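Residue numbers (the working numbering): 155 to 263. For each residue, glycine too, the CB sits at the ideal point set by N, CA and C. No experiment lies behind these values; they were computed from the predicted model shown. Shown next, in structure tokens, is the structure this report addresses.
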């Protein structure tokens, strides 16, 4: 079940990165065009799939464990933003990643 939880983090993160790409490609246009943007629709689809998977995960894992593990999404999005959008990763962001990983480790024990 933890595999599905990690998969869900990747699905959620992919949705977020697609919505960021949508925001970048639809800057300054109307709401209808934003809604019909392929990146926007794809981002929503990933969010929808991750929500359905999330419901399934919660059937088997306590929410007090599952939700904190979703903090891995912060790391995935940061790395995705670095590689896809060229966003910078500072020392403090790396430090934050380390703290997130330590927290997830302890919560799942």
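- Message: Comparing C-alpha positions only, which one of 246, 230, 235, 215 sits nearest to residue 156?
- Response: Here residue 156 refers to the residue found at position 2 when the chain shown is read from its first residue. Selected option, being the one with the closest Cα: 215.
Exercise. Do the segment 215 to 229 and the segment 245 to 258 meet, that is, are 3 or more Cβ pairs less than 8 angstroms apart?
Worked result: yes
query = Does the distance from the C-beta atom of residue 207 to that of residue 162 stay below 8 angstroms?
reply = The residue you call residue 207 lines up with position 53 of the chain shown. The residue you call residue 162 lines up with position 8 of the chain shown. In this structure, residue 162 lies closer than 8 angstroms to residue 207 by Cβ.
Subject >> C-alpha distance - residue 194 paired with residue 212, whole-angstrom precision >> reply: The residue labelled residue 194 in the question sits at position 40 within the chain shown. The residue labelled residue 212 in the question sits at position 58 within the chain shown. Distance between the alpha carbons of residue 194 and residue 212: 27 angstroms.
### Message
Considering only their Cβ atoms, is the gap separating residue 171 from residue 204 smaller than 8 angstroms?
### Response
Here the question's residue 204 lines up with position 50 in the chain shown. Here the question's residue 171 lines up with position 17 in the chain shown. Taking 8 angstroms as the Cβ cut-off, residue 204 and residue 171 do not qualify as a contacting pair.
Q) In the structure shown, what three-state DSSP assignment does residue 195 receive? A) Taking the chain shown and counting its residues from 1, the one referred to as residue 195 is at position 41. If DSSP states are grouped into helix, strand and coil, residue 195 belongs with the helices.
Three-state class that DSSP yields for residue 225 in the structure shown:
Walking along the chain shown from the start, residue 225 turns up at place 71. In this structure, residue 225 counts as coil in the three-state DSSP scheme.
- Message: Quick check: the Cα distance between residue 176 and residue 260, rounded to an integer number of angstroms?
- Response: Position 22 of the chain shown, counting from 1, holds the residue named residue 176. Position 106 of the chain shown, counting from 1, holds the residue named residue 260. Going from the Cα of residue 176 to the Cα of residue 260 covers about 36 angstroms.
### Query
Skipping 5 residues on each side, what residues in its chain have a beta carbon closer than 7 angstroms to that of residue 159?
Position 5 of the chain shown, counted from the start, is the residue given in the question as residue 159. Here the set comprises 211, 215, 220, 223.
Neighbourhood of residue 262 by C-beta, 7 angstroms cutoff - its chain only, sequence neighbours within 5 removed
Working through the chain shown from its first residue, we reach residue 262 at position 108. Correct list, in chain order: 219, 223.
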